[in-house]
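Notes follow the structure.
The following block contains the structure:
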């Protein structure tokens, strides 16, 4: 019985040892598996970290490469933009030079084709004035006076045509016409030269005699100090005829349309050996004031009042001497300018 128990204990002890050995082996195997799993896990983590690091490195390299590529592209784009700007600037400069050259050529062509003298008083213009008035004196003697003046040319060179006619009551018409070339010699004065034609009617007791005469004319036309418009002429003609004439006027603006114009007309005979000669010296003088209303610059009615002195005719074989006369003059008229 004691042996059986010992055997049983021995078997039990061996069984326990085997079980312990098997458990320890299993534990070691499990530990080995766990350690292997941990090692595998660590290796996997290390591999993952290495892969991530490699990816990060690749990503960083790719990013750097991308940045470098972008920087290169930006540099290329900047260079291209600079080149484009430079090209545009060059094209703009060339276009500007071409435009300037074209403008210069155009200016030269315009300068060649455009007459700059027209901008400095060389343009041609024409002005005509027609003046008609009915005039009476203190003796109730009436005369119809008409004047036509035409001026054509430039400021420097002009041609004047002046026609004057007198038609006294119950008598034939007397008239004279002047054709004058006018040349500017200063800002306010022209020198003039030309010819005058005179048609004179001499009424005698039983006959009427008409004479046609030509005179050379030299004179000045312009603006005297204090704005007096002045015409001064010297005449030389047949029959030892020599004479001077002076006409001057000045405008005084009362309003923009109502204008007073004092005037002075003087005729001086220096010498005259004609059949119907006039007395030498101051042969005629007229002074007065004209008042006109400018409806427009083309239509101007007016009235005037003045004083006239005439010296008369000298004694010749064909006429008797006459005395000097003085008289008031009163007129109404209409002036056209076109």
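Residue numbers (mature numbering (1 follows the signal peptide of the UniProt record, and there is no 0)): -25 to -1, 1 to 313. All residues carry an ideal CB built from backbone N, CA and C; glycine is no exception.
In angstroms with no decimal places, state the Cα-to-Cα distance between residue i and residue j.
i           : j           : result
residue 193 : residue 208 : 6 Å
residue 369 : residue 98  : Only positions -25 to 313 of the chain appear in this structure, which leaves residue 369 out of reach.
residue 278 : residue 266 : 5 Å
residue 179 : residue 258 : 20 Å
residue 307 : residue 133 : 31 Å
residue 220 : residue 124 : 17 Å
residue 288 : residue 249 : 11 Å
residue 196 : residue 166 : 6 Å
residue 91  : residue 104 : In this prediction, residue 91 has a pLDDT of 48, which is less than 50 and means its spatial position is unreliable; what the coordinates show is noted afterwards. Whole-angstrom Cα-Cα distance: 29 Å.
residue 108 : residue 290 : 32 Å
residue 199 : residue 239 : 13 Å
residue 162 : residue 297 : 44 Å
residue 128 : residue 205 : 19 Å
residue 243 : residue 231 : 36 Å
residue 320 : residue 237 : This structure leaves residue 320 out entirely; the chain is present only between -25 and 313.
residue 313 : residue 270 : 14 Å
residue 234 : residue 274 : 13 Å
residue 131 : residue 157 : 8 Å
residue 159 : residue 168 : 12 Å
residue 256 : residue 264 : 25 Å
residue 186 : residue 177 : 8 Å
residue 183 : residue 173 : 16 Å
residue 299 : residue 153 : 28 Å
residue 144 : residue 294 : 21 Å
residue 222 : residue 181 : 35 Å
residue 135 : residue 148 : 23 Å
residue 142 : residue 276 : 20 Å
Could you please give the first and the last residue of the uninterrupted beta strand (DSSP E) stretch that includes residue i?
i           : result
residue 252 : Note, residue 252: premise wrong, no beta strand (DSSP E); not H, not E.
residue 157 : 148 to 159
residue 132 : 132 to 143
residue 99  : No beta strand (DSSP E) contains residue 99, which DSSP labels as neither H nor E.
residue 225 : Neither: residue 225 is in no beta strand (DSSP E) and is coded neither H nor E.
residue 271 : First-last for residue 271: undefined, no H or E at that position.
residue 113 : Looking at the DSSP string, residue 113 is not in any beta strand (DSSP E), and its letter there is neither H nor E.
residue 236 : 233 to 246
Does any residue of chain B have a CB that is nearer than 8 Å to the CB of residue i?
i           : result
residue 158 : In summary, chain B is missing from the structure at hand, where a single protein chain is found.
Quick one: what does DSSP say residue i is sitting in, helix, strand or coil?
i           : result
residue 164 : strand
residue 215 : coil
residue 282 : strand
residue 172 : strand
residue 299 : coil
residue 188 : strand
residue 180 : coil
residue 289 : coil
residue 202 : coil
residue 124 : strand
residue 49  : Legend: pLDDT at residue 49 = 40, less than 50; position of this residue unreliable, no value from coordinates given.
residue 313 : coil
residue 129 : coil
residue 220 : strand
Considering only C-alpha positions, which residue in the set the options is nearest to residue i?
i           : options            : result
residue 150 : 144, 158, 139, 237 : 139
residue 272 : 238, 302, 253, 310 : 310
residue 224 : 212, 301, 203      : 203
residue 155 : 144, 137, 293      : 137
residue 117 : 231, 232, 146, 215 : 146
residue 170 : 142, 212, 185      : 212
residue 252 : 282, 241, 292      : 292
residue 188 : 216, 164, 182      : 216
residue 246 : 263, 218, 236, 153 : 218
residue 214 : 181, 182, 190      : 190
residue 283 : 305, 229, 175      : 305
residue 100 : 106, 148, 126      : 126
residue 268 : 115, 148, 229, 114 : 229
residue 226 : 201, 241, 164      : 201
residue 260 : 276, 241, 254      : 241
Report, in whole angstroms, the separation of the C-beta atoms of residue i and residue j, which I expect to be a contact under 8 Å.
i           : j           : result
residue 120 : residue 110 : 6 Å
residue 303 : residue 112 : 6 Å
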